[in-house]
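First the structure, in the form of structure tokens, and then the observations on it.
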Amino acid sequence: MAESVDVRGRIEDLREQVRYHNRRYHIEDAPEISDAEYDALYAELEALEAEHPELATPDSPTQRVGGEPLEGFEEVRHAVPMLSLANARKTEDLSEWDARVRRLLGPDEEPRYVTELKIDGLAVSLRYENGRFVRGATRGNGMVGEDVTQNMRTVRAIPDRLDDEPPDVLEPRGEVFMRLADFEKLNRRQEAEGKPTFANPRNAAAGSIRQLDSRITASRPLTIFLYGVGEGGEAYESHSAMLDALKSYGLRVNPYRVHDSIETVIEECERRAAERESLPYQIDGVVVKVDSREQQRALGTVARAPRWAIAYKFEPLAGRTKLLDVIVNVGRTGALTPQALLEPVNIGGVTISRATLHNEDYIKEKGILIGDTVVVERAGDVIPQVVRPVTEDRDGDERVFEMPTHCPVCGEPVSRPEGEAVTRCVNARCPAQALEHIIHWASKGAMDIEGLGEKVATRFFDLGLIKDPADIYHLEAEQISPLEGFGEKSAENLVRAIERSKEQPFPRVLFALGIRHVGSVTAELIAERFSGEDLLRGVSVEQLVEINGIGGVVARAVVEYFALEDNRDLVERLMRVGLYFERVRTKPSDGPLTGKRMVITGTLSRPRGEYVERLEAAGGTFTSSVSKNTDYVLAGEEAGSKLDRARELGVPVIDEAGFEELVS
Ligand code: IVH
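Numbers 16 to 679, taken from the working numbering, label the letters of the sequence shown in order.
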């Protein structure tokens, strides 16, 4: 019969698709289609199998709960399976569900319902024995998950020990997720480190929990809401009593409400849908559960989901529109980000005409072409993103996007280091990054210019007073004092702080340059081997990797930095204003001044750098300000406030002759 052949084919086709997308979502953390699209495939398959029971097979994806666990983690078999939920798309579906619940319970039973937010994260099961956290597992396929105990231990919202009096064995279950603000911050950090960004908070949470290296998990801002109990759940009479108990044990519990009728449940669902975007984390619906445990038992469970619960799913914040063009933005860290220019489209009440395309690889992997009809998603504060092309709509006029080879802002060649996803402009004077560099330059860990924080730096930059770090050293009090918020005194203080920063040792200066991958420790290592002059003259990758602690990535970043004309020019100007660019010697561990801290001030008969070098050769440390930890102050002619301060604190003051005596 033609129809049954067609149906059989369609069922097979749908099973293949569902299996494939299960894998992308549950195993690879890289879904290709939205939840709504997946749910539609799943629902069609379920409906066809219900209509044609003769075609149902035990290996259909509708007979299972998710995907297989990945290799690399131990398997955990869930003693109580981690179930899934049936979905309601419309409020009528909730009324129908309520009617079914009532029918199944019989006329003598009145159900009470609990509503909770449906958090969009990763389902996990915790295990506490005698109140101590002993294991954490992912949901996996619902029967078997992965042992992620080490990773879960790093999540601060998961307590080691429970309060109150929990059952001997308790398996609280819930959703690990990332708040929107934390997600944005993480993505900015990923971007600054040249690592790929996450498409959404769910992927970021899932990717973080399923890390083989728990130190990476520890650095990720994860949190959790618990909404159920596996083993140990028998102890509670109702769902709400269980949630209250979880709270009393010190666990984080999803906000919930109890209802006497489906009408207030529906009101709650509608209210939550309207307010979803004011929450600090992503939700994709409301979960409705029958409160009484006894009623839950009476209702039972079908293949993959309990009859006593249902998920009211919100409309996805997605839409389709045309990708008109791709432009490239240069961020404050120099990252080149392709941005989609879209035919304006209304998504959940907001008109979207721009969306991110993340990076070059993303566009290639998704096969997005300029001119394509594309699916765009937005959620909360997350920047709208192009999710995929609708290839069926192509007419042949689409074209491939090419990443520019030169920075669209300053015109210098861009670089994309091997193994990194991000293309960058590495020109320190590129206007797109200049402000960021100035802020870094003046920051505490770098040149430590008091009074030149982010706000003031931004103002000076916007006024055109400073365009790069070298300009800072040409600021005059007369330029600053007329500005709002400044007076003569504060302007002078700032100029003095700038002047003081000239005494920062070379490693600080090198760190302040903001060369990619050159942190303060790396800067010290380099400064022990090479001077600023050496670096300007050209140091090779081979020479740099000879330094213990410097690898290829750092070495290439340094070489690349000093190869750019603009960067060299900046360094030369910084040399001319009198900053230290002299090589620093490794401190001998047993010189005459080992462990001693010295401040050098005033005019001396030789350049100050020489005294610093000799001090360090004798094992001492050069510091820029006088404190009670200072051992000596070497004071030359016209030594000012530092000398006063030394006297105030009773720090020994020496002259050049005294210095000679000490170092010899
Ligand atoms: S209850 C037996 N409650 O949604 C009930 N699930 O589609 C099993 N989820 O795998 C789940 N928030 O990852 C429940 N408040 C909530 C939830 C929730 C999010 C997720 C969970 C589950 C999926 C079910």
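Each residue gets a CB set at the ideal place from its N, CA and C atoms; glycine is no exception.
Give the straight-line distance between the Cα atoms of P331 and E31, rounded to the nearest whole angstrom.
Near 24 Å, if we compare the C-alpha coordinates of E31 and P331.
Assuming D605 contacts E427 under a Cβ cut-off of 8 Å, what Cβ separation, rounded to an integer in Å, is found between them?
Between E427 and D605 the Cβ distance is about 48 Å, and since that is not below 8 Å, they are no contact.
Do H373 and A214 have their C-beta atoms closer together than 9 Å?
Against a cut-off of 9 Å, the Cβ pair of A214 and H373 comes out as a contact.
So, are the CB atoms of V592 and A485 less than 9 Å apart?
Yes.
By the DSSP assignment, the beta strand (DSSP E) with Y626 in it spans what residues?
No beta strand (DSSP E) contains Y626, which is instead part of the alpha helix (DSSP H) from 623-632.
Kindly examine the ligand IVH and report whether one of its heavy atoms sits closer than 8 Å to the Cβ of M97.
At least one heavy atom of the ligand IVH is nearer than 8 Å to the Cβ of M97, so yes.
Look at the alpha carbon of L70 and the alpha carbon of E64, and state the distance between them as a whole number of angstroms.
Straight-line Cα distance between these residues: approximately 6 Å.
Identify whether L56 lies in helix, strand or coil by the three-state DSSP scheme.
Looking at L56 - three-state DSSP - the assignment turns out to be helix.
Quick check: what's the CA-CA separation for V678 versus S555?
Roughly 35 Å separates the two Cα atoms.
Reducing DSSP to helix, strand and coil, say where T420 ends up.
Correct three-state label for T420: coil.
Am I right that A403 and I367 are in contact with their C-beta atoms under 8 Å? What's the rounded C-beta distance?
The amino acid at residue 403 is misidentified as Ala; the sequence shows Arg. That pair is no contact at about 16 Å.
Only counting runs of 4 or more residues, tell me where the alpha helix (DSSP H) segments fall wholly within the region 556-631, in order along the chain.
Within the region 556-631, the complete alpha helix (DSSP H) runs of at least 4 residues are 556-560, 567-578, 580-591.
Please report the distance separating the alpha-carbon of I454 from that of D463.
When rounded, the distance between both Cα atoms is 10 Å.
Which value, in whole angstroms, describes the spacing of the CA atoms of E83 and L100?
In this prediction, E83 scores a pLDDT of 40, lower than 50, which makes its location untrustworthy; no coordinate-derived value is stated.
Excluding the five sequence neighbours on either side, which residues of its own chain have a C-beta within less than 8 Å of the C-beta of G624, listed in chain order?
Excluding sequence neighbours, G624 sits near Y595, E597.
So does V317 have its beta carbon nearer than 8 Å to some heavy atom of the ligand IVH?
No, the Cβ of V317 stays beyond 8 Å of every heavy atom of the ligand IVH.
Thinking C-beta only, is A370 closer than 9 Å to Q354?
Against a cut-off of 9 Å, the Cβ pair of A370 and Q354 comes out as a contact.
In angstroms, rounded to a whole number, what distance separates the CA positions of I325 and N156?
The straight-line gap from Cα to Cα measures roughly 19 Å.
Kindly indicate which residue of E252, K504, P432 has the alpha-carbon position closest to the one of V574.
Considering only alpha carbons, the answer is P432.
Nearer than 8 Å: is that true of the beta carbon of E131 relative to any heavy atom of the ligand IVH?
Checking the Cβ of E131 against the ligand IVH gives yes.
Would you call the CB atoms of G245 and M257 closer than 9 Å?
No, the pair does not count as a contact, with Cβ atoms beyond the cut-off.
Over the uninterrupted beta strand (DSSP E) stretch that includes I298, give me the two end residues.
Taken as a continuous stretch (DSSP letters only), the beta strand (DSSP E) holding I298 covers 298-305.
Residue range of the alpha helix (DSSP H) that P484 falls in?
Segment 484-487, the alpha helix (DSSP H) holding P484.
Between which two residues does the alpha helix (DSSP H) containing H452 stretch?
Its alpha helix (DSSP H) spans residues 446-457.
Taking 8 Å as the cut-off, is the CB of L294 close to at least one heavy atom of the ligand IVH?
No, Cβ of L294 sits at least 8 Å from all heavy atoms of the ligand IVH.
Could you check how far apart the C-beta atoms of R154 and G146 are, in whole angstroms? I think they sit under 8 Å.
Not confirmed; about 24 Å, so no contact.
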